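Peer 1: 229 is the number of the first residue of the sequence shown in the working numbering; add one for each residue after it.
This structure is in structure tokens; I'll ask about it shortly.
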Amino acid sequence: MPLGPSRRALLATAALLPLAGRPAAASAAEASAAAPKTAQQYYDRAARLAGDDPVLRALVKALSPGLSMPATKPLQPLRIFDDVVVLGTSFVQATALLTAQGIILIDALGSPEDAERIIVPGLRAVGADPSAIRYVVVAHGHSDHFGGAQYLADQYGARVLMSRADWDLIAAERPAHAPKRDLVITDGQRLTLGDATMTLHHTPGHTPGTVSPIFPVRWKGRRHTAMLWGGTNLPAATAAKRTNLSSVLSFAATMRRAGVDVELNNHGGADHGLARIEQLRAGTTGGENPFVIGRARTRRFMEVMETMLRGRIAQDQEPSPARPAPTCC
Numbered sequence: 229m230p231l232g233p234s235r236r237a238l239l240a241t242a243a244l245l246p247l248a249g250r251p252a253a254a255s256a257a258e259a260s261a262a263a264p265k266t267a268q269q270y271y272d273r274a275a276r277l278a279g280d281d282p283v284l285r286a287l288v289k290a291l292s293p294g295l296s297m298p299a300t301k302p303l304q305p306l307r308i309f310d311d312v313v314v315l316g317t318s319f320v321q322a323t324a325l326l327t328a329q330g331i332i333l334i335d336a337l338g339s340p341e342d343a344e345r346i347i348v349p350g351l352r353a354v355g356a357d358p359s360a361i362r363y364v365v366v367a368h369g370h371s372d373h374f375g376g377a378q379y380l381a382d383q384y385g386a387r388v389l390m391s392r393a394d395w396d397l398i399a400a401e402r403p404a405h406a407p408k409r410d411l412v413i414t415d416g417q418r419l420t421l422g423d424a425t426m427t428l429h430h431t432p433g434h435t436p437g438t439v440s441p442i443f444p445v446r447w448k449g450r451r452h453t454a455m456l457w458g459g460t461n462l463p464a465a466t467a468a469k470r471t472n473l474s475s476v477l478s479f480a481a482t483m484r485r486a487g488v489d490v491e492l493n494n495h496g497g498a499d500h501g502l503a504r505i506e507q508l509r510a511g512t513t514g515g516e517n518p519f520v521i522g523r524a525r526t527r528r529f530m531e532v533m534e535t536m537l538r539g540r541i542a543q544d545q546e547p548s549p550a551r552p553a554p555t556c557c
């Protein structure tokens, strides 16, 4: 039955009223009162968001103040997707995207020796040819990520890519094993090799020029969309943390638009990645890939990171001593 004019007006008016008849001002005040105000409240909120999800719990722990890193152990190479290989150690990993026309390598470990003794034989062990490395994308300008890049450039003619800010960073700091300045990554740049296109996004904070890629991967022939967060550990300066927070918010929106359903990291201890690698290696996943966490969980991953960052910024501004990390994680 068509609605009469008076009934339409009544329904329209009701739609504009706050839920349960509460005044709009009261609802806004309640929301403000419920918002976290202290660092510990942010940390507790992040713990609640993480729940019992091991990936998110690991992220809460990784972003908590006072985290100490475990001893470095060897990591055997593994294809974690049909076309993705992880190589490195328990501390830091390089990620190789295998395409029909060669390899895009994300990060290059800490030294020429790492490239020679870990990356090169690791690729061969999984049936890939290291001479097919065409590009080395350096996620950020710290030595554990660029140390083997120049070796790969010299041996195989690979081109090395880094953001301008981090090329400038290593030029100023002049660390050992720094690659020669080569290609500059622009924000949103698309890098195509063979049948794969990787999009490189500026996500500064960890360093001034940190880059986080989004790229296609395949598992048992099925296509997925992966992201790799380029720099997890938080910077010391509050201003840099604020920059990092802006990067998290903008990249989360980019991920939603891209339909990201795979989460990767270049420090697998920060996101339960090492455990997931070993699950795949042991064949205990029932044929599923634990790195395919779905769109909702990738969004929650970024929300947890955002919340922990807000807590760390709040802690910087608190006069009291450092507050404890969430007890759940």
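Using N, Cα and C, we set each Cβ at its ideal position, and we do this for glycine too.
From a predicted model like this one, the values you see are computed outputs, not experimental measurements.
#1: Between which two residues does the alpha helix (DSSP H) carrying N461 extend?
#2: If I measure Cβ to Cβ from E491 and keep anything under 6 Å in the same chain, skipping five residues before and after, which residues do I get?
#3: Which first and last residues belong to the alpha helix (DSSP H) in which F374 is found?
#4: What is the C-beta distance between Q378 and H405, in whole angstroms, given that I count them as a contact (C-beta under 8 Å)?
#5: Mapping the DSSP letters down to three states, classify T427 as helix, strand or coil.
#6: Count the other C-beta atoms from every protein chain shown that fall within 10 angstroms of the C-beta of G338, then say buried if there are 16 or more, exposed otherwise.
#7: So T323 packs on L456, CB below 8 Å; how close in whole Å?
#8: Thinking just about the alpha-carbon of each residue, which of A454, G459, A467 and T460 is nearest to the one in F309?
#9: Are V366 and P441 touching if we call contact CB-CB under 8 Å?
#10: Just the C-alpha distance for A542 and Q268, rounded to the nearest angstrom, thanks.
#11: Between R362 and R387, how many whole angstroms is the CB-CB distance? I'm expecting something under 8 Å.
#12: Apart from the five residues on each side of it in sequence, which residues of its chain come closer than 6 Å, Cβ to Cβ, to H373?
#13: Quick one: what's got a C-beta closer than 7 Å to P407's C-beta in the same chain, skipping five residues either side?
#14: Is it buried or exposed, L287, if we count other Cβ atoms within 10 angstroms and call 16 or more buried?
#15: What are the boundary residues of the beta strand (DSSP E) that includes Q417?
#16: Once you ignore the five residues that flank F319 on each side, which residues in its own chain have a CB closer than 6 Å to its CB?
#17: Go ahead and label Q545 buried or exposed: buried means 16 or more other beta carbons lie within 10 angstroms of its beta carbon, across all protein chains shown.
#18: On the three-state DSSP scale, how would you describe Q321?
#19: Alpha carbon to alpha carbon, how far is R307 from L508? Give it in angstroms, no decimals.
#20: State buried or exposed for M390, treating a residue as buried only when at least 16 other CB atoms are found within 10 Å of its CB.
#21: Quick one: Cα of L537 to Cα of T460, how far?
Peer 2: On the basis of the supplied data:
#1: For N461, there is no enclosing alpha helix (DSSP H), as DSSP marks it with neither H nor E.
#2: Counting only Cβ-Cβ distances below 6 Å, and skipping sequence neighbours, we find I521, T526 and F529.
#3: Its alpha helix (DSSP H) spans residues S371 to F374.
#4: The Cβ separation is near 7 Å, so the contact holds.
#5: Judged by DSSP in its simplified three-state form, T427 adopts strand.
#6: By the Cβ-count criterion, G338 is buried, with 16 or more other Cβ atoms from all chains shown falling within 10 Å of its own Cβ.
#7: Approximately 6 Å separates the beta-carbon atoms of T323 and L456; this is inside 8 Å, confirming the contact.
#8: The shortest CA-to-CA distance from F309 to any of A454, G459, A467 and T460 is the one to A454.
#9: No, the pair does not count as a contact, with Cβ atoms beyond the cut-off.
#10: Cα to Cα, the separation comes out at about 9 Å.
#11: About 7 Å; that satisfies the 8 Å criterion.
#12: Here the set comprises D335, V366 and A367.
#13: F374, A377, Q378, A381 and V388, listed in sequence order.
#14: Under the 10 Å beta carbon count, L287 is surrounded by 16 or more other beta carbons and is classified as buried.
#15: Looking at the DSSP string, the run of the beta strand (DSSP E) that includes Q417 is Q417 to L421.
#16: Here the set comprises T300.
#17: It counts as exposed.
#18: In the structure shown, Q321 sits in a strand (DSSP, three-state: E or B).
#19: Looking at the two C-alpha atoms, the distance is approximately 9 Å.
#20: Buried, since its Cβ has 16 or more Cβ neighbours within 10 Å.
#21: Rounded to the nearest whole angstrom, the C-alpha separation of L537 and T460 is 11 Å.
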